[in-house]
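> As they're listed, the protein sequences go chains U and S. For the first sequence, our numbering gives the first residue as 3, with consecutive numbering after it. For the second sequence, our numbering gives the first residue as 4, with consecutive numbering after it. Idealized CB from N, CA, C, for every residue including glycine. Quantities reported herein were computed from a predicted structural model and do not represent experimental measurements. Shown below is the structure under consideration.
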Amino acid sequence: MDSRSYLGEFELMLLLAVIHLGDEAYGVPISLKLETHRGRNVSLGSVYAALERLEGKGLVVSSLGDPTPERGGKAKRYFRVTKEGLRQLHETRRVLTQLWQTLPRPKLERI
Amino acid sequence: MNPKEPPSLATWMLLHLTPGPRNEALGGDLLEGFRSGRSVAWYWRQVIAAISIACLRELNDHGSLLLFAALWSVLAPAWDFLIENIEHNPTVFGPMWNLAWPWSTGAALGLSLVIGSTCIWTGMFLYLVLQGAITRKFGVRHIGRALVMSLCAFTAVSAVLFALPMLLPSSAHFIDRLSFASSITPSGPHYEKRPNIYYTYRYRQEIDKQTGKPVIVRSLVSRDANDLYSDSSQIPPATSPLSEIKDTSARAIVARTPYFLSLLCGLWGVSLRFGNRRRSIAT
């Protein structure tokens, strides 16, 4: 894979949320975590679409859990970040950190 | 309504209008979210967003197919033109046109179906070759299903387009050449019963007496060159296959519709199969 293909904002957040949630990384907790940190509603459809895109790139893998009655007998789909996904996260952080260092401080105006 | 149950219509839409393997997990997630205190409006918003995203993704995944079907259906009138020239050759198809009703109608419809299917299947084959799909591993039954799907779609769309003008009171639609000739000639029935009459279209340019402008007149002529019917409704002359391809009139667009839709119906499932393979889930 091309190491120069950096992650987008939403993809980056998704991967970090999946890592934070560990073994409990499925649709509902992932979207809740994103909503908490972004401060706005997140569509579960867009979460799945982005995760499937990441799965296509080999950055995450998914597996189905057992069906549960509280979910109407529907299984959870768990996601896990792959080694390649982790590598891309570190690479993106490295690039972003370098860029952040050149950010000028805003001048504070006196009242 | 039971407050712990989400709107059944929304759930049905989610299950049936979002393709792909994520339906089950997404449906379960939405149900879990709803039962944990989310509102009905939230559920509807989530379902509509999921369907919209899925539809856009489907179109994106099948972009090459949409483009190919559009391009191939542009060529379809040229194919019709070439075949029509052969079709009007009395030595080839003459005996078929002189069959008694309903055999003549059945033969005409059957011939149209065969001709149309040949064009569509050629396009499908070309698309699959271009995509490299034939070199990949997929069952022959998928190709068979694609062929059958396209044939069904072509028959259905053609039947609808054939039947629609009949609903109009001023329609001059005809089923086959014999019934057409008998219905519009004033001398009527004796033509119908005369054997070995071959009909063909002839185009010629005339000056319209009212407007003084040149118009194209289409005539249905018999073998002895007697005009049976003239139609001066500004029909563009079909001079060459290229002029048919360039034709962007409403008539030409309607003629292309069955080809476009049949190619999509036939190849959509095959293309989707590749998409699903890409999105396979480890269980």
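Indicate the three-state DSSP secondary structure (helix, strand or coil) for ALA79/S in the structure shown.
One-based indexing of the second sequence puts residue 79/S at position 76. Looking at ALA79/S - three-state DSSP - the assignment turns out to be helix.
> Determine, for LYS76/U, whether the minimum Cβ-Cβ distance to residues of chain S falls below 9 Å.
Taking the first sequence and counting its residues from 1, the one referred to as residue 76/U is at position 74. LYS76/U counts as touching chain S.
> Could you tell me whether the Cβ of ALA27/U comes closer than 9 Å to any Cβ of chain S?
Indexing the first sequence from 1 puts residue 27/U at position 25. Not an interface residue.
> Relative to the alpha-carbon of GLY147/S, which residue among TRP124/S, LEU34/S, PHE165/S has its alpha-carbon at the smallest distance?
Here residue 147/S refers to the residue found at position 144 when the second sequence is read from its first residue. Residue TRP124/S is the option with its Cα nearest to GLY147/S.
> Where does ALA77/U sit, in a helix, a strand or coil, going by DSSP?
If you number the first sequence from 1, residue 77/U lands on position 75. The answer is strand: DSSP assigns ALA77/U an E or B state.
> Check each candidate in GLU27/S, MET152/S, LYS249/S, GLY109/S and name the one with the smallest Cα separation from MET1/S.
Residue 1/S lies beyond the residue range present for chain S, which begins at 4 and ends at 286; the question has no answer from this structure.
> Buried or exposed for LEU17/U, going by 16 or more other Cβ atoms inside 10 Å?
Your numbering for residue 17/U matches position 15 in the first sequence. The residue is buried, with at least 16 neighbouring Cβ atoms inside 10 Å.
> How would you write the range of the beta strand (DSSP E) that PRO69/U sits in, first residue to last?
Here residue 69/U is taken as the residue at index 67 of the first sequence, counted from 1. In the DSSP annotation of this structure, the continuous segment of the beta strand (DSSP E) that includes PRO69/U starts and ends at 62-70.
> With C-beta atoms as the reference, is LEU29/S less than 9 Å away from LEU46/U?
Residue mapping note: residue 29/S aligns to position 26 of the second sequence, counting from 1. Residue mapping note: residue 46/U aligns to position 44 of the first sequence, counting from 1. Going by C-beta atoms, LEU29/S is nearer than 9 Å to LEU46/U.
> To the nearest angstrom, how far is the alpha carbon of TYR8/U from that of SER64/U?
By one-based count along the first sequence, residue 8/U stands at place 6. By one-based count along the first sequence, residue 64/U stands at place 62. Taking the straight line joining both Cα atoms gives about 21 Å.
> Could you check if SER39/S is buried or exposed, using at least 16 other CB atoms within 10 Å of its CB as the buried criterion?
Reading the second sequence from its first residue, position 36 is the one you call residue 39/S. Sixteen is the threshold: since fewer than 16 other Cβ atoms of the shown chains lie within 10 Å of the Cβ of SER39/S, the residue is exposed.
> Spatial neighbours of PRO261/S within its chain, please: CB distance less than 6 Å, with the 5 preceding and 5 following residues excluded, ordered by chain position.
On the second sequence, residue 261/S is found 258 positions in, with the first residue counted as 1. Cβ neighbours of PRO261/S beyond the five flanking positions: PHE157, VAL160, SER161.
> Use the C-beta contact count for GLU72/U: other C-beta atoms within 10 angstroms, 16 or more gives buried, fewer gives exposed.
On the first sequence, residue 72/U is found 70 positions in, with the first residue counted as 1. Result: exposed.
> May I ask which residues mark the beginning and end of the alpha helix (DSSP H) holding PRO115/U?
With chain U covering only 3 through 113, there is no way to say anything about residue 115/U.
> Verify whether the separation of the beta carbon atoms of GLY36/S and VAL30/U is less than 9 Å.
The residue given as residue 36/S occupies position 33 in the second sequence. The residue given as residue 30/U occupies position 28 in the first sequence. Yes. Within cutoff.
> So, with DSSP's three-state summary, where would you put ARG41/S?
Mapped onto the second sequence, residue 41/S falls at position 38. Coil, per DSSP.
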